[in-house]
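Residue numbers (the working numbering), protein chains in the order written: chain A, 71 to 515; chain B, 71 to 515.
What follows is the structure in C-alpha cells.
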C-alpha cells in the first residue's frame, strides 16, 4: 500500500503533541467540575432540519449517506457546533434534567469549509453553558465568564484577552440615539476589525445614520476598560435609555466579578465594539483572542434569551465555547507547544537478560502500584541500546534490577543528568514534575 | 419547536449516566498510561478506498457529502473501527514514530447498521495496540492481554471472561490432521455458538472432512482451561505439527502471564473454540464476554503479522479493542449502572441573602482551592428550597456561611444523615468517597 497522505483541514497529532491536547482538556475539565459543571456528550449527528433551523444554510454541513443506501441521504448531518446539539438535548431530555442545568461538553465538530489557517473541517470544542427553564438570573452570565476565565488562566498558553460586551448596552445606546434598525448598526460595527473606523462610518452612513449618530456609535465602539470605568465613558456620551442602563449594570457586574481573575497571561476587558452581530445573543457577549491567532477569536459566546423552546417552556441560556483545535493546532504545528515525551512512561525497566523478565516485570508492577507510569525494555539488548530506547521516547529514568544475589541493589539512572543511584521499587518516587509528560513551550520555528 | 425524538442506534446519556462512562474511560486511561501506552486520536474520517481495502464491503460505512456540494460525495467515510485508522496513521507518520509503538485510542466509531440490542450506529471503542517495524516479539501479545485484563478487572462491571486462543495452534492442528483448507474449518468452528456442536460437525462434513478429522476438530474446540493444562488436553488428541507446537507455546506463555490477573469479576481462560475466522489474525486471538451481554463479545482482538505495509517496511501488530458503548449502554439503559449525582458538586454553598453572595463565593473559592467541587445555590430562597436543590442533584453537603458576626461559625450539613456541624472552608474535607460521583450498581428493572 502506498503511504497515505494527510487530509487538509483534518489535523492529527503525534503522541507527544496529543499529550498537550490531553493536558489542556484535563485542565479544562478539572476547572469545570470544580465549579459543578457536569459532563455530557451528545450524538455527533443531528437531523438536518435541526441543523438548518432558523433558515441559516451558511454552515457547510456534512450530510451522511450509508454506503449501501446508494443515492439516498440519511437525513442526518454532523453537528457543526455544540450549541445546536445542546438545544436539542435539553428539549429531548427536559423532563429528566434539573434546571438551572449546568453542563460542559468537550467534543468534536465538523464543517465542510475550505480549510485555511485557523479553520478546520474537524475540530474539538469545549463549551460550558447554564440553561434555565423560563428564567435564568444574570448571575449565570457572571458565572460562565469567571469559570472560563479561571480555566483559561490555568492553561500554558500565550496571553489571552477575553473581551466582554453586552447587547442590551449597545442596543439601548442605539435606541437612545433614535436608531430603529439596531441590527444593521451592529452588523456594521462588527466589521471594525475588517474595514477600520472609516469603513464603519461609511457603512453607518449607508445605513441612513446622521453624522452625529454615526459619530456616537463609533465613539461607543472605541471604549475599552479592564475595570468598570467604561460606565463613566459611556455616560459621558450623553445618551440615555432604560435598556442601556440595564446593559451597563450587567456588564459592570460581570467585569467586577471577572477582573480579579486577571493574571499575566489572562485579561478580561470590557470592549464595547464586540457585538457578534450574526448570532442570536440577547445580553452578555464574549470573544477571546490571543496575539498568536491574529483576528480569529479562540473563544466566543453569550446569552440567549431562548436557547430552545418547546411550547410549554422556554429555555434561556448563557455559555462560552472554546476552540481547542483552533487554539492548539497552529501553536503545535509551529513547534510552539509540545511535551517532553512521546509516551506516558516515567521509568523504563531494563531487562538484564531474557531469563530475568519476571524480575523486571515485578519491578514494573511495584512502581505502577504507586502510580508511576512504567514500561519494560522490549528486549535484553545491551544496556546502551536499552538506554537509547528510553532517550528516543523522552523517558527520564532507566531502572536496573539487581537480581537475586545478596548484597546487590537495584539502581535507577536519571538519563538526563547521568546520575545513577541505588533504589527500592517499593519506595522510590520521582520528583512530581517527572511523573507525567511536561508541556514545553518552544520558540517559533 | 416540537420536542425532538431520540435516534435509534445513537445512544445518549443523562449527566449521571455520562459520569459512569467518564469514570470507566478514566480508569481505562489510567491503567493504559501506567503501562506506558500513549494516547492518540485519529481523524474521524478516512478515504473510502482505505476503509474498503481488502475488498471488504460488508461494513455499513457512512459516506460524507458537503451539503452545498449537491450530489457529489467527498470520497470520505466515517471510520467503523480504530484499527483501519491506526494502520493509516502508522504509515502516514512512520518516520516520526518510535517502534515498537504502543498506543491507546478511545474514540467514537460509526456503522450504518440496522440498530439492535448491542449494535449501535455511533459507539465508543477503547483500543490498545503494540505495533512493531518488521518484527514484534510474542511478548507483546502477553503484554496487551495482561494490560487489558488489568484494566477490565478494575472496572465496576459484571464478571468478564476473556477467552484466549491462538490461530497458529488451531491452524497447526488442522494441518497436522491433513486438512488443506484450514480457513473453511475455522469458519465452521466459529459458528459453534450459533449452530451447536452437531451443526459444526455437519458443516465440517460438508467441507469434505472425514469423520475422524471432524471429530478431532470438534474435540479441540471443546477444550477450555483457566491455566496451562490445555496443553496436555491437546497433546492427548495425538496430533503433531510444528505450527501447532509454536501456537501451544505462545498460548501457554500468555496464559501463564495473564492468569495471575484473575479476580472474582475477571477471568482469563484458554478457549480453543475461539477462531475469529472472519478477521486477519495470525497468532493470539481474544474475545471478552459477560453473562449480561449474551453472545455478543464486549472486547476482541489479536495479532496481525501485517497491520500495514508500505513497501519498505511491514508493521506487525497486536491489540485488543473494548466496546465501551456496547459494554455500558445496555447496563445503563436497564438501570444496572448509574452514579449517585447528576453534577460533580460535592458541596452546595447556600446563599443566606442576595447581599451575602460575595461571602458565599469566597467559601466556594476556598473549597475549590482544595479540590472540592462546589457550586452556589442559584438564589437566596429559603433554606428548605436550597437544600432541595442539592437533594435533587445528589449533592451530599450544604454549606451555611455564618456571616461576619463575631462568635458565629460556618456550618456544613450532610443532607443524607441530617448531621450539621461547624466547619471551616479552609480546612474541612469530606470523606474521599464523597468527593466525586460514585458508581451505583442497581438491580435489573
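Every residue gets a Cβ at the ideal spot worked out from N, C-alpha and C, and that includes glycine.
Against chain B, the beta carbon of residue 449 of chain A has neighbours under 7 Å at 207, listed in chain order. The beta carbon of residue 89 of chain B sits closer than 9 Å to some beta carbon of chain A. Under the Cβ criterion of 9 Å, residue 204 of chain B is not counted among the residues facing chain A. Contacts between residue 500 of chain A and chain B, judged by CB atoms closer than 7 Å, are missing: the closest CB pair is about 14 Å apart. In this chain, the alpha helix (DSSP H) harbouring residue 254 of chain A covers 252-259. Beta-bridge pairing by DSSP links residue 371 of chain B to B:356 and B:390.
DSSP, read as helix, strand or coil, puts residue 336 of chain B in strand. When Cβ pairs closer than 8 Å are counted between the two stretches, the stretch 435-452 of chain A is seen not to touch the stretch 390-404 of chain A, the count staying below three. Annotation: residue 191 of chain A to residue 505 of chain B spans about 38 Å, alpha carbon to alpha carbon.
Interface criterion met: the Cβ of residue 80 of chain A is under 9 Å from a Cβ in chain B. If you check the CB distance, residue 194 of chain A and residue 177 of chain A come in under 9 Å. In this structure residue 198 of chain A is not in contact with residue 169 of chain A, their Cβ atoms being roughly 16 Å apart against a cut-off of 8 Å. In the three-state scheme derived from DSSP, where H, G and I count as helix and E and B as strand, residue 194 of chain A is classed as strand.
DSSP, read as helix, strand or coil, puts residue 384 of chain A in strand. Annotation for residue 408 of chain A: no alpha helix (DSSP H) segment contains it, though the beta strand (DSSP E) segment containing it runs 407-409. Take the alpha-carbon of residue 210 of chain B and the one of residue 322 of chain B: they are about 14 Å apart. Under the DSSP assignment, residue 241 of chain B falls in the alpha helix (DSSP H) whose first and last residues are 237-246. In terms of Cα proximity to residue 295 of chain A, the closest of A:314, A:269, A:284 and A:341 is A:341. In terms of beta-carbon proximity, residue 406 of chain A stays away from the interface with chain B, with every pair separated by 9 Å or more.
Excluding residues up to 5 positions away in sequence, 173 and 175 lie with their Cβ nearer than 6 Å to the Cβ of residue 110 of chain A in the same chain. Within the stretch 109-135 of chain B, the complete beta strand (DSSP E) segments of 3 residues or longer fall at 115-117, listed in chain order. Approximately 15 Å separates the beta-carbon atoms of residue 225 of chain B and residue 338 of chain B; this is outside 8 Å, ruling out the contact. Distance between residue 274 of chain B and residue 287 of chain B, taken at the CA atoms: about 9 Å. If you check each beta-carbon in the stretch 441-472 of chain A against every beta-carbon of chain B, the ones closer than 9 Å belong to 441, 442, 443, 444, 445, 446, 448, 449, 459, 462, 463 and 465.
A direct Cα-Cα distance of roughly 40 Å separates residue 289 of chain A from residue 104 of chain A. DSSP places residue 287 of chain B in the uninterrupted alpha helix (DSSP H) bounded by 281-291. Look at the stretch 135-152 of chain A: the residues with a C-beta under 8 Å from a C-beta of chain B are 135, 136, 137, 138, 139, 141, 143, 144, 146, 147 and 148. The three-state secondary structure of residue 106 of chain A, taken from DSSP, is coil. When secondary structure is reduced to three states using DSSP, residue 351 of chain A falls in the coil class, being assigned neither helix nor strand.
In terms of CA proximity to residue 435 of chain A, B:216 leads the group B:136, B:216, B:206 and B:250. Nearest CB-CB separation between residue 117 of chain B and chain A: below the 9 Å threshold. Within the stretch 431-470 of chain A, complete beta strand (DSSP E) segments of at least 3 residues are found at 444-446 and 467-470, given in chain order. With a threshold of 16 other beta carbon atoms within 10 Å, residue 502 of chain A falls short and is exposed.
Each residue's CA atom was taken as its position, placing residue 301 of chain B and residue 343 of chain B some 14 Å apart.
Close to residue 163 of chain A, with beta-carbon spacing below 7 Å, are these residues of chain B in chain order: 84. Bridge pairing for residue 231 of chain B: B:337 and B:359 [DSSP].
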